[in-house]
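Contents: one structure, followed by commentary.
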């Protein structure tokens, strides 16, 4: 099918093309909801059965890093929206700027996630790989706060007393943690790739009030990835936190 | 197929989609023309049909004797598993949507192509990649978990090549999702002027409903199989009771997709039948709105019945009651279709061409299959017939007697449009009858086997079940002939068949208003629609008897 | 009643005649509708066969009343089928009170059954005719299913769960049972025979078998002491744990105020995950026995605890819910 300007040959008008692209992205996002949904369901069921072990697992996550990541992602959704707005209002120079900001914030998020994953590796919290929920509190590192560690050890011991399989159940928690945040990170990486493609087009002045569909639909995708994180954060990081 | 129009002999088009872009392999492998992609799918699904068919042949030969005559139990378990995986994921689910749907939907709505032609091609490549993983699994140790992959057998105990298979099916799921997405957007945004929702052919309605299921259900099985694969690879514990997991959770997640999946397989075939019957009765379909609505109803209610596969797992009695009740509800829209198709035949002008024979064969076999679903939905009966040959007979009546017959019938119906050629009337009539008879002989005895108590997935059985098994195998040999014949004469017709003309039957859809084979852009001029579907009375261009008498309103019929 | 035509198995349980009657009912309705549709199609196929090449069909007007009729009538018939099937199923899922309990364990690729007196069988099940029999099913590995076609019953055997099924054999004889949930290589040969005997023959068979098969109650009592259960669960209620007298089948009052029935599943959970449900007014002190007991040892302990059903319940020191708080 030939392309004349921005209009692909299978469409009659640019309006029809934009309607199709937007509807297509919305439907794709619905499929993503169902895709993540299976894991959210598994998580919910297992958390109901193994609340104590899941609480211990959750408490090992760094809430500061998680909060920073949440703020970073929300800000990136804002800059993304600004990018769409700039395209729609003809502020051509601002479009690549906001896209680059969005990309940078996304990279910050991924960087922090990498740090978190590295921590899990050091603390023997990778499922299937010498997983041991007691490891950190019984082998505190010099940088760890001894009071924190003592408290954690107490909680871990109490969990093991009431649930002898707490290690297995905590491993279940971490399996879901890695599966869910890993899948989310994968989606962010894809999103970053899409934004790089947009930046290229934006630098070439491609997006105007007349034609800005790619920015809009990548924006939709990015907002969705943000929303998934906004569900993941409280579910994974914030349960059983009363210290 | 005799066109009584007094026009001069038809000149086949010089330029059409099969030649315009060139014959070079690159022009096929990099095509974005929905018609070429449909043919690419036609070849691939036929390959998988063949593979699944070879396994089926081996199964039926093996079961000629109680002890099993052909293979060891380990191999037998691999045969039925691989038969199921190849047929369900790589033949039945793509077949009608990816071949006929891809080819026809843009034409039926008056568009030049689907909304996202490149994504359409991507779907095909994803299908091939998924298929390669599965073929790799088949050839390196095979797969012996059953196509249902129940845990913990599949995640822990099986020693076969489960991981590549599960990854392959996962990948293939995205092919389905993207096809469904493409269809939904296309039907919403790319209809020609005047083509309102209620002027759409019922084939389009049924594919719309199918696409809804594809996009909503497939992601769930994707994540389920992914979790099962991860569990197997990294010894995680989602479904392993020794680690706090639950095998029943797997079943819920699995069936949440796999039940609606059967409607993905049968709704398109119903769409085909809804096109064939009006054409070969030369009158509008009876109850258009009800048939369209029933497609949507099947899609919606179909998502609410999954745990009828789990009545004897120890699930709560209340849940079982709810799922049984809903399973009866989902039968009703299918019954509505059967009644409406039958009513369409009344006072029609019925031709006995092969597509009509396949459509009527569908109605007969699908009705039997659907009716036996009523037995299975019945809680008291299901305790006895669950996981027996009764279930196998039931789903083969629907999927083979229904979906495959619909697919083959659809190929026969639109073959002139796709290839510009006609095929032998005599051979196609013969093949349709052979298929119908062979099918019944193969699968009807299995209902009896099931009620007598022969469980499914058995590589050997008590001697008292032998007679019925032998009958079934005999039928299978006839059934095989019913498939091989069309493969032969349809292929032959591509080169030597009579030239078809744009509208040989003739039929009323938009796809018949353009050349056979069609030009790459489908229509030289975008059509503007101002007629109702299946309207034979107001179409002088079809060259049929004009002004045929109307039945009096509400009285005589 | 054995049919002269081999299209259904012998009827050898209380459920069989009902299931067969239901089958006949549904078959009858389906044959009726099938006949109507087939006749209509065949009739139209021949009567309206195109005579002239260019003829078209006669438009028949749509009739919503007809559509409604053929929605409502099948719906009503479907509801009858549903209701009838549901009554059989509800009966099946709720075993009567006084059953003969047999423990059945499925594993790749054999069945082990244990009679009430401890007698063990492999791939065989002996039951008395006319008695309500309940099977308590467990799996040691993957999902299996215990299926007796002549009884018209089956139930999945799921690892990590207990499932139960019940039936009343009505005719002496030997009947196939099969595994009917695919479980791996030898799924097809994982079956055996159910032998239904007259009650006197059954009793004779039970006691007539060789020594070495210890009574599970005695085995359980021995385990109860060996594993130190007896040190806390004093029968007079003065121990750190509640007395188990009269416990089996009673309602237990839990620390969170809810009540639960002390059935086999509860007892098993209490042994393997004692802190899952704490009895009211008691501390979570019980060690768990996960990994220390086989399924058969758990059965034995359960049999012993069941045998304490008729022992006097101490006024204080029991977990049983007081009458006013019983459900």
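Residue numbers (the working numbering), protein chains in the order written: chain A, 1 to 243; chain B, 244 to 800; chain C, 801 to 1127. C-beta atoms are modelled at their ideal positions from N, C-alpha and C, and glycine is treated no differently.
- In this structure, the beta-carbon distance from residue 360(B) to residue 284(B) does not fall below 9 Å.
- Within chain B, the residues 629, 630, 631, 698 and 699 have their CB atoms less than 8 Å from the CB of residue 980(C), given in chain order.
- Cβ-Cβ separation between residue 396(B) and residue 943(C): approximately 7 Å, consistent with a contact (criterion under 8 Å).
- Residues of chain B with a Cβ closer than 8 Å to the Cβ of residue 954(C) are, in chain order, 555, 626, 627, 629 and 630.
- When the Cα atoms are used, residue 506(B) and residue 647(B) turn out to be separated by approximately 13 Å.
- Legend: CB atoms of the region 175 to 200 of chain A lying less than 7 Å from CB atoms of chain B belong to residues 175 and 179.
- At a cut-off of 9 Å between beta carbons, residue 1073(C) contacts chain A.
- When only Cα atoms are considered, residue 254(B) and residue 743(B) end up about 10 Å apart.
- Taken through DSSP and simplified to helix, strand or coil, residue 615(B) comes out as helix.
- Contacts between residue 466(B) and chain A, judged by CB atoms closer than 7 Å, involve 35, 38 and 39 in chain order.
- Contact note: residue 1084(C) reaches chain A through 162, using a C-beta cutoff of 7 Å and chain order.
- Excluding the 5 residues flanking it on each side, residue 222(A) has same chain C-beta neighbours closer than 6 Å at 80 and 191, in chain order.
- Under the criterion of beta carbons closer than 8 Å, residue 612(B) and residue 640(B) qualify as touching, at roughly 3 Å.
- Remark: C-beta atoms of residue 598(B) and residue 656(B) approach each other more closely than 9 Å.
- In the DSSP annotation of this structure, the continuous segment of the beta strand (DSSP E) that includes residue 955(C) starts and ends at 953 to 957.
- Bridge pairing for residue 995(C): 926(C) and 974(C) [DSSP].
- Here the region 97 to 114 of chain A makes no contact with the region 263 to 279 of chain B; the two share fewer than three CB pairs at distances below 8 Å.
- Collapsing the DSSP output to three states places residue 855(C) in coil.
- For residue 685(B) and residue 813(C), the gap between their C-alpha atoms comes out near 31 Å.
- By the beta-carbon neighbour count (other beta carbons within 10 angstroms, threshold 16), residue 348(B) is buried.
- Residue 919(C) has its alpha-carbon roughly 54 Å from the corresponding atom of residue 679(B).
- At a cut-off of 9 Å between C-beta atoms, residue 49(A) counts as an interface residue with respect to chain B.
- For residue 903(C), the enclosing beta strand (DSSP E) has its first and last residue at 900 to 907.
- For the region 494 to 527 of chain B, the beta-carbon criterion of a distance under 8 Å to any beta-carbon of chain C is satisfied by 524, 525, 526 and 527.
- For the region 820 to 837 of chain C, the set of residues with a beta-carbon nearer than 7 Å to any beta-carbon of chain B comprises 822, 823, 826, 830, 834 and 837, in chain order.
- For the options 587(B), 550(B) and 519(B), the alpha carbon positioned closest to that of residue 528(B) is the one of 587(B).
- By alpha-carbon distance to residue 15(A), the top candidate from 212(A), 233(A) and 226(A) is 212(A).
- Two segments are said to touch when three or more pairs of C-beta atoms, one from each, lie closer than 8 Å; by this definition the region 656 to 671 of chain B does not touch the region 711 to 718 of chain B.
- In this structure, residue 555(B) keeps its C-beta atom at 9 Å or more from the C-beta atom of residue 466(B).
- In the structure shown, residue 913(C) falls within a strand segment according to DSSP collapsed to helix, strand and coil.
- Residues of the region 115 to 135 of chain A with a C-beta atom less than 7 Å from some C-beta of chain B are 127 and 128, listed in chain order.
- Within the same chain, 1036, 1037 and 1043 come within 6 Å of residue 1114(C) by CB-CB distance, once the 5 residues on both sides are set aside.
- Nearest to residue 512(B) by alpha-carbon distance, out of 745(B), 643(B), 296(B) and 769(B), is 643(B).
- Between residue 450(B) and residue 430(B), the C-beta gap is smaller than 9 Å, which places the two residues in contact.
- Using a 10 angstroms sphere on the CB of residue 769(B), the tally of other CB atoms stays under 16, which defines it as exposed.
- DSSP, reduced to helix, strand and coil, places residue 749(B) outside both helices and strands of the structure shown, so it counts as coil.
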